[in-house]
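Inspection log for the structure reproduced underneath, given as structure tokens.
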Ligand SMILES: [Zn+2]
Ligand SMILES: [Zn+2]
């Protein structure tokens, strides 16, 4: 690292195996030794999550970057400084995206332009193609109307989440794809691509069985429950997420490297608790249906046990309202998919929910 770099307020040591990326407290910090895994912490936008992680795996002259952070000029600079500080040539980097969300794929174009090879699971490319087209925004608005949200609010919520969807393939990023079960090599490591549907349909983890290390994206976090939204008619994202969490609990992961925050205990315990959290919310939704048969999603949402007071709904930011609406609808989809409830459209096309006979 040269003197100029240090003059700009980065490249300073900040403890063992750690260097600063700027004067705002962002750092690149070694989290595993053999092979080396570095955590680059980048700024997160728009949500209460404090930051997003990029992991840099280095073995010999091979480098694998897992996820890339949100698209932001400062994050771009921070990530490039991390690679420079580690002595990594971007042209010799393979980038892997765990899922299509913008906080993980955001710097795809910058990395591709710097010469990195960009690899995504087939399911992640499918998600970009499915969710980043105008037809999906329409599907989302239509579905929210069918759950009892006003036409204006349905359009507003569809728009706010739409703003966060990007199809980098259409923007010319040359993606290579890997299938589930295939392995991605980095030096001595051969990392298996393992599907983790729930948070998104196509999300995949990278799993290294010898060291029991997993790069998990947003499959599970210690900071909070990851958001689960609805996808399409007949899909059951909550059911998928619960199955993913239980499968992950049984895998024997020792080193869990997640999209946000750090591992704060045993992964299996966290997965089981999070699965039960979703099951409790679905049970509350079912109880609310029993208490008021024929209510719509908008009316049921208040009884699902969200921490936020729904009386303040009007003052709540649109993105937060979308998260709450979308996860509530996903729970109703789960109840319908598992046969615990049925939905019937009324004359206006609004879904009315009824508990299945016990
Ligand atoms: Zn995500
Ligand atoms: Zn994320």
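Residue numbers (UniProt numbering): 1 to 358. For each residue, glycine too, the CB sits at the ideal point set by N, CA and C.
Going by C-alpha distance, which of 201, 354, 323 and 218 is nearest residue 160? Ranked by how close their Cα comes to the Cα of residue 160, the residues 201, 354, 323 and 218 have 323 in first place.
Residue 362 lies in the alpha helix (DSSP H); which residues open and close that run? What the structure shows of the chain is the stretch from 1 to 358, and residue 362 is not part of that stretch, so it cannot be assessed.
Taking only heavy atoms of ligand 2 into account, decide whether any of them is closer than 7 Å to the Cβ of residue 45. Result no, Cβ not under 7 Å from ligand 2.
Is residue 99 near ligand 1 - that is, is its Cβ less than 7 Å away from at least one heavy atom of it? yes
Helix, strand or coil at residue 180 [DSSP, three-state]: In the structure shown, residue 180 adopts coil according to DSSP, grouped into three states.
I need the boundaries of the beta strand (DSSP E) containing residue 195, first residue and last residue. 189-195
Reducing DSSP to helix, strand and coil, say where residue 90 ends up. helix
So residue 22 is in the beta strand (DSSP E); what residue range does that whole segment cover? From DSSP, residue 22 is part of no beta strand (DSSP E); its letter is neither H nor E.
Please report the residue range of the beta strand (DSSP E) in which residue 207 lies. Annotation for residue 207: the continuous beta strand (DSSP E) segment containing it runs 204-208.
Proximity winner among 227, 197, 190 and 195, relative to residue 210 (alpha-carbon distances): It is 190 whose Cα lies nearest to the Cα of residue 210.
Complete runs of the alpha helix (DSSP H) confined to the stretch 226-308 [at least 4 residues]: 237-249, 267-291 and 297-300
When you measure from the CB of residue 104 to every non-hydrogen atom of ligand 1, does any distance come out below 7 Å? yes
Alpha carbons only, please: which of 311, 298 and 352 is nearest the one belonging to residue 151? Relative to residue 151, the option among 311, 298 and 352 whose CA is nearest is 298.
Straight-line gap, residue 121 to residue 347 (C-alpha atoms, nearest Å): 42 Å
If I measure Cβ to Cβ from residue 256 and keep anything under 7 Å in the same chain, skipping five residues before and after, which residues do I get? Around residue 256: 214, 216, 263 and 267.
So, for residue 240: in the same chain, excluding its five sequence neighbours on each side, which residues have a beta-carbon less than 8 Å away from its beta-carbon? 197, 198 and 201
So, helix, strand or coil for residue 211, using DSSP? coil
Is DSSP giving residue 185 helix, strand or coil here? Strand at residue 185.
Cutoff 6 Å; reference residue 226; Cβ partners in own chain excluding five residues on either side: Once the five neighbours on either side are set aside, the close Cβ partners of residue 226 are 199 and 218.
For a test of your reading of the model: does the CB of residue 67 fall under 7 Å from any non-hydrogen atom of ligand 1? Yes or no. At a cut-off of 7 Å, the beta-carbon of residue 67 does not count as near ligand 1: no heavy atom of the ligand is closer than that.
Quick check: what's the CA-CA separation for residue 289 versus residue 308? 20 Å
Closer than 7 Å: residue 259 CB and nearest ligand 2 heavy atom: yes
Looking at the strands, I want to know which residues DSSP matches up with residue 42. 52
Give me the Cα-Cα distance between residue 56 and residue 158, rounded to the nearest whole angstrom. 34 Å
Evaluate the contact criterion for the stretch 222-236 versus the stretch 271-288: three or more CB pairs, one atom per stretch, below 8 Å. yes
Cβ shell of residue 165 (< 6 Å), same chain only, five flanking positions each side left out: 131 and 132
Between the C-alpha atoms of residue 82 and residue 113, what's the straight-line distance to the nearest angstrom? 17 Å
Exposed unless 16 or more other CB atoms sit within 10 angstroms - verdict on residue 53: buried
Taking contact to mean at least 3 C-beta pairs separated by less than 8 Å, is the stretch 69-89 in contact with the stretch 40-51? yes
Using the Cβ count rule (16 or more neighbours within 10 Å means buried), how would you classify residue 232? Counting C-beta atoms within 10 angstroms of its own C-beta, residue 232 has fewer than 16 neighbours from the protein chains shown and is therefore classed as exposed.
Cβ-heavy atom distance, residue 199 to ligand 1, below 7 Å: yes
Would you say residue 104 and residue 234 are within 8 Å of each other, going by their C-beta atoms? no
Rounded distance between the beta-carbons of residue 37 and residue 28, thought under 8 Å: With 8 Å as the limit, residue 28 and residue 37 do not qualify as a contact, their Cβ atoms being about 11 Å apart.
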